Amino acid sequence: MDGHGPQSDPLAQAAALMGRARRLLALTGAGISTDSGISDFRGPQGLWTRDPAAERRANIEVYLSDAEVRRSAWRHRLESTSSTRPEPNAGHLALFELERRGVLELLVTQNVDGLHLAAGHDPRRVVEIHGTMTAVQCMSCGARSPMPEVLDRVRGGEEDPACREPAGAGPCGGILKSATISFGQSLVPEDLARAEQAALRCDLILTVGTTLGVYPAAGLVPVARNAGASVVIVNGDPTELDALADVVVRGRIGEVLPRLIEASA
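Rendered as structure tokens:
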């Protein structure tokens, strides 16, 4: 950025586009949460790079068929919660400012950490397209419960907790799993439909902290562009869809995004 005007300054150019937007769709990925201490998955320090077994735990067929994998998953979750709880960072709070202004049509996140909701977003404005780690779901009856409730049971000695929802003469007994979308599971059709409708309606799509390599979420970018929307990409590294962008802003999300959104006011 050389300060000679918006045409030579990606941040200023992006801010000008966003300042004109009235129906903005935001799409976020793991990069927005790294400043909150949450690792990405495939990077040099990513979860699956450091712990290859984590990718196996994220496969639905393996999880359902192997009790030891489930026990390992619950141990890992319990250990993860014993450390400091992640909090929304400056990037999350900056996106909430767009909702406060009344220009955010929808926020679609590929993250399962729940930090956008923790930042204050109206749940009706957020689609957690890959689910959430903040809840647990029964794979038999579909009942949901808060993650802390089930972790209390694990802490109390239940290595592979089962569903306690009433079913006939006794509890359901189904396998419990975090309410995330694992490999081999389909996305929730209603969530995908809401995201696609927002892509068709928006006048600008802002992608933040995602390499845009995972579909169908990444497919929202060409859908929005083909419907006439501007495309602004904010990421630390090149993405697979940079060629579709009107403006690409490079930099650390927690530093760049607040500046961008402040400049777009």
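Under the working numbering, the final residue of the sequence shown carries the number 553; numbering is consecutive throughout.
Note that beta-carbon positions come from the ideal geometry of N, C-alpha and C, so glycine has one too.
Remember, it's a predicted structure, so these values are computed and weren't measured experimentally.
Contact defined as beta carbons within less than 8 Å: I believe residue i pairs with residue j. What is the distance between those atoms, to the nearest angstrom?
i	j	result
E446	A431	At roughly 17 Å, the Cβ-Cβ gap does not stay under 8 Å, so E446 and A431 are not in contact.
G501	T468	No, G501 and T468 are not in contact; Cβ-Cβ is about 19 Å, not under 8 Å.
P376	A407	4 Å
K465	M435	Incorrect: roughly 11 Å between the Cβ atoms, too far for contact.
L545	A309	Their Cβ separation, rounded to whole angstroms, is 15 Å, which puts L545 and A309 out of contact at 8 Å.
P510	L480	Wrong, their Cβ atoms sit about 15 Å apart, outside the cutoff.
C451	G461	6 Å
Q396	A302	According to the sequence displayed, residue 396 carries Val and not Gln. 19 Å between Cβ atoms; not a contact.
L386	I541	L386 to I541, Cβ: 14 Å. No contact.
H404	V391	Contact doesn't hold; Cβ gap of about 16 Å is too wide.
T369	L439	6 Å
G524	R547	Not a contact, Cβ separation roughly 15 Å.
Q473	I348	5 Å
V522	D534	About 12 Å separates the two Cβ atoms, so there is no contact after all.
So who's on the other strand from residue i, going by DSSP bridges?
i	result
A450	I463
N239	Shown here, the chain extends from 289 to 553; a query on residue 239 therefore has no answer.
P546	None, per the DSSP bridge assignment.
N347	F471
T316	T397 and V496
G458	A455
Exposed or buried, residue i, counting other C-beta atoms within 10 Å across all chains shown (16 or more means buried)?
i	result
S552	buried
P298	buried
M289	Low confidence applies to M289: its pLDDT is 36, below 50, so where it sits in the model is not reliable enough to give any reading.
F471	exposed
V536	buried
G291	Note that G291 scores 39 on pLDDT, short of 50, meaning its location in the model is unreliable; the coordinates nonetheless yield the value given after this. So G291 counts as exposed.
D401	buried
P449	buried
S321	buried
R345	buried
G456	exposed
A506	buried
Q295	Note that Q295 has pLDDT 49, beneath the 50 cutoff, so the model's placement of it is unreliable and the number below is only indicative. So Q295 ends up on the exposed side.
S324	buried
L356	Sequence inspection shows Glu at residue 356; the Leu mentioned does not correspond to that position. Classification for E356: exposed.
A531	exposed
G319	buried
E416	buried
E393	buried
**Request:** Can you check the stretch 353-405 for any beta strand (DSSP E) of at least 3 residues that lies completely inside it and give the ranges in chain order?
**Result:** Qualifying beta strand (DSSP E) stretches, in chain order: 392-397.
**Prompt:** How do the stretch 509-525 and the stretch 483-494 stand: do at least 3 beta-carbon pairs fall below 8 Å, yes or no?
**Reply:** Segments in contact, yes.
**Request:** Report yes or no: do the stretch 312-324 and the stretch 492-511 share at least 3 C-beta pairs separated by less than 8 Å?
**Result:** yes
**Asked** Touching or not, the stretch 376-392 and the stretch 359-368, by the rule of three or more beta carbon pairs under 8 Å?
**Response** no
**Prompt:** Counting only runs that start and end within the stretch 467-511, where is the beta strand (DSSP E) found for 3 or more residues in a row?
**Reply:** 492-496
**Prompt:** Considering only residues of the stretch 412-438, which uninterrupted beta strand (DSSP E) runs meet the minimum length of 3 residues and lie entirely inside it, listed in chain order?
**Reply:** 414-416, 419-426 and 432-434
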